[in-house]
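Going left to right, the sequence shown walks through residues 1 to 1131 as full-length UniProt numbering numbers them.
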Amino acid sequence: MNFNEIITKIETLGIESKNEYKREIEQIMASNDKYLLITDDKLFLSNYKLKFVDLIPFIKETSKLCIHPSKFIFLAWQGLINVYHYDVIIINCEIKADFIHAFKIFYIDGIAYDLKKPKCISFIKDPTDDFSIYFQSILASKQDDDIKNNIKCITISSKTPNKFINYAKCKRLLKNTIENKNSEFYVKLLNRLSELEKSDILEAIELISKCINQSKISSIPPTDKDLEYGKSLSILFEKQKIIKNYLQCGPVYIYGHIEFESKDVYFIKDFISLDADLEESTLFIIDPVDEKILPKFKTIIFLKESESFPTALINNICKLESIDKFYSYFVKKDKQYNTREDSHYINPTLPWEYSIPFYEHIFYLINRLFHENYLFIRCLVPNRIYYNGSKPNTFICCLEFPKIVNNNALLATFKSDEFSVKKDANKDACYRFIIKLVESGYLDSNFLPVKSKFINENLFYIESIKKIYDIDFQSLEEAYVLINNIKDGYEEYDKFKKDYYFDITQKNFPFFDPEEVLRKQADCFKCFSDTMSLYLFNNSNIGICTGETFTEKVNYKNTEVRFIKRISFTQHEKNIILNFQVVFFGVNFKRITCSQTVGRKYAYYVLPIKNLEIDFEYMNELYENFFFGSVYDVNNHSILNNYLLFNPITKLFYEYVEDTDKKFTDITNSKIKNRKNLDSSKKEYTFLEYFIFLYGINLSNSGKNKNVIFTAVPFSHKKEKEPEFHACEIIYVTVVKKSIKSDYKRFVEYFNIFEILALTYEFKVNMNFSISHSNLAISFTLQDSLNGQQNDLGYERFEFIGDSVLKYSVSKFLFTECGYNLNKLVSTKDSLVCNDHLYRVGRQINLQKYFSLNRYTEHLFQPPAILDLEFDKSLIESLNLKNLFQNNNQYNFVKLYSRKQSQDTNLEKGKKVYADIVESLIGVHYIEQGFQKAWNFIKSIGILENHGSKRHSNNFMTKTPNIILLCEYEGILPLANILKVEKIINYTFKNKGYIEKAMIHPSYKDNIFGSERFQKLELVGDCFLDLKVSDYIFFKYTDADPETLHTHRKSLVNNHTFAMILFKSGLYDFSFTGLSDQTRDFNNNKVSKCYGDIFEALAGAVILDSEFDFEMTDMFFKTVLKLMTENVYEC
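What follows is the structure, encoded as structure tokens:
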């Protein structure tokens, strides 16, 4: 059923102001003995704060009820409130989907018992979308064959864009010009504009703007007639636009007057004379309708352009003549379930006919019960499946209850009887299931969910809470305390709900290893010590003091971190430093309440630096005297503009804006949110009254001869806020400089950098690396881990070269050491260089202890845990900062990260990051120390797994039979040709068999050498070229990002370029393939692939013959590189 099935009589009162409509409501309530007011206005609800338990008997006893929409929805869905108890129903609330559905049940239920409908008066707050929804909901579509109109209300905007007002001014000036000059051109222009207004007003506006200078028109003030005419044109344009949209769906009939020309638009004066087939047509009603019967249009649209409601239209459409048919549809059938017969005030029953809406809203109530108890389930919907019955044209409906309880009886499939209509089968299945819920004790006798069953005794709920919030508890009371601690860390409850939504359709979402996701903590941050290390960032005025870690100067991207010295502090110096921490973080850091399930404490100090020394002078100023005095006392603009202000009442910091000439006796426009303590009869307040209310204290200064009011903005790192008025004597000037905001922002960035350097230093020591600390740190950094800038390159450049080194190294190892056949060589190589394997290798070398998948943000930043240290904490108490220095629960990020990244693609991304870091480390070793060191590193971290060597000789030429078959010269390729090839490529072969196998493609003459030997050469050559070209690109384009590096490499390493090299160098003349006429069409993929493979096999022959000696192949590569750069192909 749709809400359109409700038949009502509506009166909407056009109330202009808020107070007027309240008075109207009060008059209606005073003139009726039986009324129901559904409102969300606190003024009317202040005396009606009854709980649900007390509300049900109260409803039975009273005939005058004011109720909030949420309580009305709850009662209506349970059938606990009856429409026929009231003479008038007043609706004054926001119209939402759940309200519409509940009102449908409420009003229909009343009709089923009593045809005398109460009068319904609606006060719509915003007559736009909500109004249209409401209008649609009260119009009749009464489930009989006589009325099938889809009726809508579309609100026309009352705002008039400037272009229509300017157009009106232009036409006025145009008419004046014609009267004075009687110009034929202007007469024709005016006539043309009148024609265009009927079809396309925008075209008329465009035409007149070409003829008249609009900049001059804009400066002319509009007359009242201009405004009126512009508004009429704007409304006409909106109506024409809507009609044009519906013209795309079929013919349009218009009842009323409107300027519009189209062959498919018909203007009608009455409906009696219409004999055309209208069921595919649209009717637009512009003028009031007096007809009693409307034909069967596909859609009827009322275009609303004022605050008045179309009462006449509703009266004519919603006549009572057809009520008999409508009533018969809603008469209850004999089949119903009675929950309780001994009730003295209610006797709820479940009628079979109503089982579907009951079923749907029982789910709503269950979900709301879970929400009230912090389990936010997404997609809590029943699974409904239809099957064909055993008899022809019959259906069976099967319902499956979501697995949110531990009762097997409820987790079974509920099957309906066979019905000829699917809807009846659905009703029967819903009916059976609801009865089962009641009989199992999950619904009480009022069809309300039983909390003990769904919450207290529900293992699903308890386990879900433990998993989602990652908490352990012995009782639900303990659980709610822990969850409330987490919730308090959110400024908005909706954000808290969003982060902890649980998707029941996503079974067992993968939970990331906390070691991979948690923000890592370096050892130097784990405890305060008597002697600490001082570091400086970029020669700035900010430093950090931590435990012992690296001592060398490190350049990390664009930041230099310098070790200054080891230092110890006296107790007085510690007091000054700790006081500075309170000020620095108290002013800047977001105040949160932190859960401490798996939290960690950070031990460090942020310190001001001056001339490479700690600036104790500045910190001592903050320690000795925090305030200069009140703004009233200071009155020094140099100080006011450079130092922060503080409100001791609200404990908030401000930034000074300017003085004002306002006096306490002046009227203020400042908004007062809660006026209950003020005189409600007053509409205006003086600044003195405003400040007394705002601060809760009396002011002493009269301010007759001196400025006593100024403006300031709240100190914030977010979007700049509007200035506020404040009294000078209340706000105090601190000795905290405004620059503390930029200092904090820089420190948060520096802190992330320092922690990366400290962690990678530990990794370097544990792994005994000899590579540079700076490059090692970059190898652990995601590209946009800090500020998201695309030019802030992370490990991706090193990973680019490391990937090539790894593939070449593994191919060489498998080819020379293991003697595998081609298939096993390829499959083993792919398995050793794939992300899954490299991810496992990364775990084996404990990358998870030094790197986090969770990108660094300010939300992960933590101030130092100074509360356990001994010092004067009075400033913490004064500024209400106790919660600030508690540790964050970073473990919550594991759950959020896991849930957000739970898709397979995101899981693979996590593994890829670890794989990329391994390749990046290989790249750093290669760049700094050469191929041999990189190869040693590859072997040392276990990438080769159990693929041990099968050769026992160090002589490359005494390898497996496969090698012998490759290097043995068989005379198929003439020696003279080989000598010419050697001259072209600047390399002389020791084993001519290699070049012979490379230059003869398997497609030539029945594949005389077999495919495997050629493809082995091609495989090794491909890896060799890939590495050498990557090396060349890496060092040539030192500032290029990874995407650019890949693009450059792809333009050099591709089949088209390789084929062109063979052709232009003359190597083509000495190659043998099975290709015929199309041998030189390199745009043909088959041709370029064939010759590209030959070139790669040739490179493989060179590197094999040189026994993988890069120096011996140097001249060869320089030769082919020159040819590559001359034949670049943009793929």
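Each residue gets a CB set at the ideal place from its N, CA and C atoms; glycine is no exception.
(message) Tell me which residues share the same chain as A102 and place their Cβ nearer than 7 Å to its Cβ, disregarding the 5 neighbours each side in the sequence.
(response) What you label residue 102 is simply residue 102 of the sequence shown in a count that begins at 1. Closer than 7 Å at the Cβ level, and outside the excluded window around A102, lie F72, I73, A76, W77.
(message) Applying the 10 Å Cβ sphere with the 16-neighbour rule, what's the burial state of M1124?
(response) In the sequence shown, the residue the question calls residue 1124 occupies position 1124. M1124 is buried by the Cβ-count criterion.
(request) Could you check the C-alpha separation between N647 and L860 for me, to the nearest Å? (result) Numbered from its first residue, the sequence shown carries residue 647 at position 647. Numbered from its first residue, the sequence shown carries residue 860 at position 860. Straight through space, the alpha carbons of L860 and N647 are spaced by roughly 29 Å.
(request) Kindly give me the distance between the Cβ atoms of N1127 and T1057, rounded to whole angstroms, as I take these residues to be in contact under 8 Å. (result) Taking the sequence shown and counting its residues from 1, the one referred to as residue 1127 is at position 1127. Taking the sequence shown and counting its residues from 1, the one referred to as residue 1057 is at position 1057. With a Cβ gap of about 5 Å, N1127 and T1057 count as contacting.
(request) Just grab the DSSP bridge partners of C398 for me. (result) For the purposes of this step, residue 398 is taken as residue 398 along the sequence shown, with counting starting at 1. Paired residues: I385, K415.
(request) Taking L399 as the reference, give the member of G389, L411, D1022 with the closest Cα. (result) Position 399 of the sequence shown holds residue 399. Residue L411 is the option with its Cα nearest to L399.
(message) Counting C-beta neighbours from all protein chains within 10 Å, is the total for A1099 16 or more, i.e. buried, or is it exposed?
(response) In the sequence shown, the residue the question calls residue 1099 occupies position 1099. The residue in question, A1099, is buried, as its Cβ has 16 or more Cβ neighbours within 10 Å.
(message) Determine whether the beta carbon atoms of Y604 and T546 lie at a separation below 8 Å.
(response) Your numbering for residue 604 matches position 604 in the sequence shown. Your numbering for residue 546 matches position 546 in the sequence shown. Their beta carbons are under 8 Å apart, which means Y604 touches T546 by this criterion.
(request) Along the alpha helix (DSSP H) that carries M1060, what are the first and last residues, could you check? (result) Locating residue 1060 in the sequence shown gives position 1060, where the first residue counts as 1. That run of the alpha helix (DSSP H) goes 1055-1065.
(message) So for V1128, helix, strand or coil by DSSP?
(response) Taking the sequence shown and counting its residues from 1, one reaches residue 1128 at position 1128. Here V1128 sits in coil by DSSP.
(message) Rounded to the nearest angstrom, what separates N367 and G489 at their Cα positions?
(response) Along the sequence shown, one-based indexing puts residue 367 at 367. Along the sequence shown, one-based indexing puts residue 489 at 489. About 24 Å.
(message) Rounded to whole angstroms, what is the Cα-Cα separation between P69 and R600?
(response) Your numbering for residue 69 matches position 69 in the sequence shown. Your numbering for residue 600 matches position 600 in the sequence shown. Between the C-alpha atoms of P69 and R600 there is a straight-line separation of about 45 Å.
(message) Suppose the cutoff is 6 Å on Cβ atoms and the five residues either side in sequence are ignored; what does the same chain contact list for Y744 look like?
(response) In the sequence shown, the residue the question calls residue 744 occupies position 744. Result list for Y744: N588, in chain order.
(request) Would you check if the region 711-723 and the region 608-621 touch, i.e. whether three or more CB-CB distances between them fall below 8 Å? (result) no
(message) If you follow the alpha helix (DSSP H) that H85 is in, where does it begin and where does it stop?
(response) Locating residue 85 in the sequence shown gives position 85, counting from the first residue. Note, H85: premise wrong, no alpha helix (DSSP H); not H, not E.
(request) For the beta strand (DSSP E) containing D659, list its first residue and its last residue. (result) Along the sequence shown, one-based indexing puts residue 659 at 659. Its beta strand (DSSP E) spans residues 652-659.
(message) Rounded to the nearest angstrom, what separates L694 and F628 at their Cα positions?
(response) Working through the sequence shown from its first residue, we reach residue 694 at position 694. Working through the sequence shown from its first residue, we reach residue 628 at position 628. Rounded to the nearest angstrom, the two C-alpha atoms are 24 Å apart.
(request) Could you have a look at N625 and say whether DSSP puts it in helix, strand or coil? (result) Indexing the sequence shown from 1 puts residue 625 at position 625. Coil.
(request) Closer than 6 Å by C-beta to F370: which residues in its own chain qualify, once you throw out the five before and the five after it? Chain order, please. (result) Numbered from 1 along the sequence shown, position 370 holds the residue referred to as residue 370. Counting only Cβ-Cβ distances below 6 Å, and skipping sequence neighbours, we find I377.
(message) Only counting the same chain, and skipping five residues up and downstream in sequence, which positions put a Cβ closer than 6 Å to that of L1045?
(response) The residue you call residue 1045 lines up with position 1045 of the sequence shown. F800, I1033, listed in sequence order.
(request) For N458, count neighbouring C-beta atoms within 10 Å of its own C-beta (all shown protein chains included) and say buried if the count is 16 or more, exposed if not. (result) Along the sequence shown, one-based indexing puts residue 458 at 458. With 16 or more other Cβ atoms within 10 Å, it is buried.
(request) Could you tell me whether the Cβ of D1006 comes closer than 8 Å to any Cβ of chain C? (result) Given the protein chain composition of this structure (a single chain), no chain C is represented.
(message) Can you tell me whether L202 is buried or exposed? The criterion is at least 16 other CB atoms within 10 Å of its CB, across all chains shown.
(response) In the sequence shown, residue 202 corresponds to position 202, counting from 1. Exposed.
(message) Here's the rule I'm using: 16 or more other beta-carbon atoms within 10 Å means buried, otherwise exposed. How should R608 be labelled?
(response) To locate residue 608, count along the sequence shown from 1; it is residue 608. In the sequence under discussion, the amino acid at residue 608 is Pro, which differs from the Arg named in the question. Per the 10 Å Cβ criterion, buried.
(message) Along the chain, where does the alpha helix (DSSP H) containing G543 start, and where does it finish?
(response) Against the sequence shown, residue 543 aligns to sequence position 543. Element bounds for G543: not the alpha helix (DSSP H) but the beta strand (DSSP E), 542-546.
(request) Assign N538 to one of three DSSP states: helix, strand, or coil. (result) Taking the first residue of the sequence shown as 1, we reach residue 538 at position 538. Three-state result, N538: coil.
(request) Say whether the region 745-760 touches the region 656-667, bearing in mind that this needs 3 or more beta-carbon pairs closer than 8 Å, one atom from each stretch. (result) no
(request) Run the CB neighbour count on Q581, radius 10 Å, all protein chains shown included, and call it buried at 16 or more, exposed below. (result) Taking the sequence shown and counting its residues from 1, one reaches residue 581 at position 581. Per the 10 Å Cβ criterion, buried.
(message) Tell me the residue span of the alpha helix (DSSP H) that contains Y761.
(response) Here residue 761 refers to the residue found at position 761 when the sequence shown is read from its first residue. Where Y761 is concerned, the enclosing alpha helix (DSSP H) stretches over 740-767.
(request) Give me the Cα-Cα distance between E1043 and K911, rounded to the nearest whole angstrom. (result) Numbered from 1 along the sequence shown, position 1043 holds the residue referred to as residue 1043. Numbered from 1 along the sequence shown, position 911 holds the residue referred to as residue 911. For E1043 and K911, the distance between alpha carbons rounds to 20 Å.
(request) Measure how close the beta-carbons of A915 and G1021 come, nearest whole angstrom, since I'm counting them as under 8 Å. (result) Against the sequence shown, residue 915 aligns to sequence position 915. Against the sequence shown, residue 1021 aligns to sequence position 1021. The C-beta distance from A915 to G1021 rounds to 25 Å, too long to fall under 8 Å, and the pair is not in contact.
(message) What residue range does the beta strand (DSSP E) around T559 cover?
(response) Looking up residue 559 in the sequence shown gives position 559. Run containing T559: 559-568, per the beta strand (DSSP E) assignment.
(message) So the candidates are I235, Y186, T177; which of them puts its Cα closest to the Cα of I165?
(response) Within the sequence shown, residue 165 is the residue found at index 165, counting from 1. The shortest C-alpha separation from I165 is found at I235.
(message) Please give me, in chain order, every unbroken run of the beta strand (DSSP E) with length at least 3 that falls completely inside the UniProt domain "RNase III" (978-1107).
(response) The UniProt domain "RNase III" (978-1107) contains no whole beta strand (DSSP E) run of 3 or more residues.
(message) Is it buried or exposed, H925, if we count other Cβ atoms within 10 angstroms and call 16 or more buried?
(response) Numbered from its first residue, the sequence shown carries residue 925 at position 925. Classification for H925: buried.
(message) I need the straight-line Cα distance from E1111 to I866, nearest angstrom please.
(response) On the sequence shown, residue 1111 is found 1111 positions in, with the first residue counted as 1. On the sequence shown, residue 866 is found 866 positions in, with the first residue counted as 1. Cα to Cα, the separation comes out at about 59 Å.
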